[in-house]
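Residue numbers (the working numbering), protein chains in the order written: chain B, 1 to 240; chain D, 1001 to 1109. This report concerns only the one structure given below.
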Amino acid sequence: MTEPTPTWRHPEFRRGAHEMFDISLGVAAWGLITGVTMVKSGLSVPLAVAMSLLVYAGSAQLTALPLIASGAPLWVVWATAVCVNLRFVIFSAGWRPYFGHLPRGQRLRLAYVAADLNYVVFMRRFPQRRPAPEQLPYFWGGAAITWVAWQACSMAGILLGDLIPTQWGIGFAGTVALIALTCSLLTDRVTWVAAVVAGCAAVAAYALPLKLNLVVAIAAAVAIGLVLERGVLRPAGGAR
Amino acid sequence: MSGLETLLAIAGLALITLLTRGFFLLPEREWPLPKWLHQGLHYAPLAALVAVVVPEVVMTQGELIATWRDARLYAAAAAVAWFYWRRNILGTIVVGTAVMLALRLGLGW
């Protein structure tokens, strides 16, 4: 398959960028907070810039920072990151049907930018698990917007550091963005039930270390979703 | 940590993030996953979102909040209301954040 036009000129690139643009305000708020947190936890400006560009994963960065600051052993820092990133392993199984056929170089570049919100927005656009030529440009449109919004605000946070008062809770803008995105995914009764179960599980399992409550919540919601899909709530003929 | 050790930690974090994000995507041959699991993955992004959001709104320092005077509750409610009224994500972010800032800076909630 050859592409007639470069990825960034494809109309789906614009659509992907457009649909991510609204959410990118929340991404920007988190990037800013992450940038501020990096320098406030004691990283030098060059190291903070390197972390932002190389790691490009807010939750892994925010969890690792206090460990780095307190001089924890490297293996503890890394093991923590593996646990915080477990949800990405789950998402990567979701990417496979769409992008598994691409050359490995492209898959590596995809893996670098495949953040949570890109997954959510992509799966909302392409719920059918089969590859199509417009998927790659759509993905890159959203990924480009997310990367630029995150890195620009992360750099601003690194440079402005102490000027931004964290007690205002600007980071809550990111949470609000997630609330809006969550609402857009609540399309039927099964998704509502799965969401309630995930929320309760996340609160109940909150005491687990390393943000493992996220993994518990995902497992609980997947389980309840599967059970309900098999006909408890849906009458015969309504199953997908 | 020394500068060099911190750089090593950062390089390791970058590698870990790349490998977890590409865990099932990077191998040349597809690892077979059962069909029910693929079906269930449909609920994973929703669950991950909710699992991040709910504790951010109703918990402080690992405890459920015990007061109604918390700006986050009203900001979240305003955000949900705005979303279902206008179906617009950008507006939802602006309204939710504005309510949060107004209550926090104005009333100290």
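Where is the CB? At the ideal position from N, CA and C, for every residue including glycine.
Quick check on DSSP: helix, strand or coil for residue 1060 (chain D)?
Along the second sequence, one-based indexing puts residue 1060 (chain D) at 60. Here residue 1060 (chain D) sits in strand by DSSP.
Interface residues of the stretch 94 to 111 of chain B facing chain D [CB-CB below 8 Å]:
94, 95, 96, 97, 99, 100, 104, 107, 108, 110 and 111
Buried or exposed: where does residue 76 (chain B) fall if 16 or more other Cβ atoms within 10 Å of its Cβ makes it buried?
For the purposes of this step, residue 76 (chain B) is identified with residue 76 of the first sequence, where counting begins at 1. Residue environment: residue 76 (chain B) is assigned as exposed (fewer than 16 neighbouring CB atoms within 10 Å of its CB, all protein chains considered).
Just to make sure I have the definition right: I need the residues of chain B whose C-beta is within less than 9 Å of the C-beta of residue 1055 (chain D). Which are they?
For this step, residue 1055 (chain D) is matched to residue 55 along the second sequence. In chain order: 199, 202, 203, 206 and 213.
Kindly indicate which three-state DSSP category residue 1036 (chain D) falls into: helix, strand or coil?
Residue 1036 (chain D) sits at position 36 when you count from the first residue of the second sequence. Looking at residue 1036 (chain D) - three-state DSSP - the assignment turns out to be helix.
How many angstroms separate the CA atom of residue 132 (chain B) from the CA atom of residue 141 (chain B)?
Working through the first sequence from its first residue, we reach residue 132 (chain B) at position 132. Working through the first sequence from its first residue, we reach residue 141 (chain B) at position 141. The straight-line gap from Cα to Cα measures roughly 16 Å.
Express the C-alpha separation of residue 227 (chain B) and residue 50 (chain B) in angstroms, rounding to a whole number.
Locating residue 50 (chain B) in the first sequence gives position 50, where the first residue counts as 1. Locating residue 227 (chain B) in the first sequence gives position 227, where the first residue counts as 1. Looking at the two C-alpha atoms, the distance is approximately 45 Å.
Would you call the stretch 188 to 202 of chain B and the stretch 1064 to 1075 of chain D in contact, with 3 or more CB pairs under 8 Å?
no
Across the stretch 1048 to 1060 of chain D and the stretch 209 to 220 of chain B, are there enough close Cβ pairs to call them in contact, namely three or more that are closer than 8 Å?
Under the Cβ criterion (8 Å, minimum of three pairs), the stretch 1048 to 1060 of chain D counts as touching the stretch 209 to 220 of chain B.
Taking residue 178 (chain B) as the reference, give the member of D:1100, D:1027, D:1041 and D:1092 with the closest Cα.
If you number the first sequence from 1, residue 178 (chain B) lands on position 178. Here the closest residue by C-alpha is D:1092.
Does the Cβ-Cβ distance between residue 40 (chain B) and residue 174 (chain B) come in under 8 Å?
Taking the first residue of the first sequence as 1, we reach residue 40 (chain B) at position 40. Taking the first residue of the first sequence as 1, we reach residue 174 (chain B) at position 174. No.
Relative to the C-alpha of residue 135 (chain B), which residue among B:119, B:22 and B:149 is closest?
Residue numbering aside, residue 135 (chain B) sits at position 135 when the first sequence is read from its first letter. That would be B:119, whose Cα lies nearest to the Cα of residue 135 (chain B).
Entirely enclosed alpha helix (DSSP H) segments - the stretch 66 to 92 of chain B, minimum 4 residues
74 to 84
How about the stretch 149 to 157 of chain B and the stretch 20 to 39 of chain B: do they share at least three Cβ pairs that are nearer than 8 Å?
Touching, yes.
Smallest Cα separation from residue 187 (chain B): which of D:1003, D:1010 and D:1042?
In the first sequence, the residue the question calls residue 187 (chain B) occupies position 187. Minimum Cα-Cα distance from residue 187 (chain B) among the listed residues D:1003, D:1010 and D:1042 corresponds to D:1042.
By how many angstroms is the C-alpha of residue 1086 (chain D) removed from the C-alpha of residue 96 (chain B)?
Your numbering for residue 96 (chain B) matches position 96 in the first sequence. Your numbering for residue 1086 (chain D) matches position 86 in the second sequence. Going from the Cα of residue 96 (chain B) to the Cα of residue 1086 (chain D) covers about 35 Å.
Outcome for residue 211 (chain B) when other beta-carbon atoms lying within 10 angstroms are tallied against a minimum of 16:
Reading the first sequence from its first residue, position 211 is the one you call residue 211 (chain B). Buried: at least 16 other Cβ atoms inside 10 Å.
Rounded to a whole number of angstroms, what is the C-alpha to C-alpha distance between residue 122 (chain B) and residue 16 (chain B)?
The residue you call residue 122 (chain B) lines up with position 122 of the first sequence. The residue you call residue 16 (chain B) lines up with position 16 of the first sequence. Residue 122 (chain B) and residue 16 (chain B) have their C-alpha atoms spaced approximately 8 Å apart.
Integer-rounded CB distance, given that residue 1015 (chain D) should sit under 8 Å from residue 108 (chain B)
Stepping through the first sequence from its first residue, residue 108 (chain B) is reached at position 108. Stepping through the second sequence from its first residue, residue 1015 (chain D) is reached at position 15. About 12 Å; that fails the 8 Å criterion.
Against chain B, does residue 1060 (chain D) count as a neighbour if the rule is that its beta carbon must be under 8 Å from one of theirs?
The residue you call residue 1060 (chain D) lines up with position 60 of the second sequence. Judged by the 8 Å Cβ criterion, residue 1060 (chain D) is not in contact with chain B.
Nonlocal neighbours in the same chain, by C-beta distance under 7 Å from residue 84 (chain B), ignoring five residues either side
As a working mapping, residue 84 (chain B) is identified with position 84 in the first sequence. Around residue 84 (chain B): 59, 60, 63, 210 and 211.
Give a yes or no on whether the minimum CB-CB distance between residue 1045 (chain D) and chain B is below 8 Å.
By 1-based counting over the second sequence, the position of residue 1045 (chain D) is 45. Cβ-Cβ to chain B under 8 Å: yes for residue 1045 (chain D).
Below 8 Å on the Cβ atoms is my contact criterion, and I expect residue 54 (chain B) with residue 1010 (chain D) to pass it. Report the Cβ-Cβ distance as a whole number of Å.
Start at 1 with the first residue of the first sequence, and residue 54 (chain B) comes out as number 54. Start at 1 with the first residue of the second sequence, and residue 1010 (chain D) comes out as number 10. Between residue 1010 (chain D) and residue 54 (chain B) the Cβ distance is about 6 Å, and since that is below 8 Å, they are a contact.
Determine, for residue 118 (chain B), whether the minimum Cβ-Cβ distance to residues of chain D falls below 8 Å.
By one-based count along the first sequence, residue 118 (chain B) stands at place 118. Chain D, which has no Cβ nearer than 8 Å to the Cβ of residue 118 (chain B), makes this no.
From D:1008, D:1013, D:1089 and D:1021, pick the residue whose C-alpha is nearest to that of residue 116 (chain B); which is it?
Taking the first residue of the first sequence as 1, we reach residue 116 (chain B) at position 116. It is D:1021 whose Cα lies nearest to the Cα of residue 116 (chain B).
Residue 1013 (chain D) to residue 150 (chain B), Cα distance in whole Å?
Indexing the second sequence from 1 puts residue 1013 (chain D) at position 13. Indexing the first sequence from 1 puts residue 150 (chain B) at position 150. C-alpha separation (whole angstroms): 18 Å.
Would you kindly check if the distance between the Cβ of residue 143 (chain B) and the Cβ of residue 113 (chain B) is under 8 Å?
By one-based count along the first sequence, residue 113 (chain B) stands at place 113. By one-based count along the first sequence, residue 143 (chain B) stands at place 143. Residue 143 (chain B) is positioned such that its CB atom lies closer than 8 Å to that of residue 113 (chain B).
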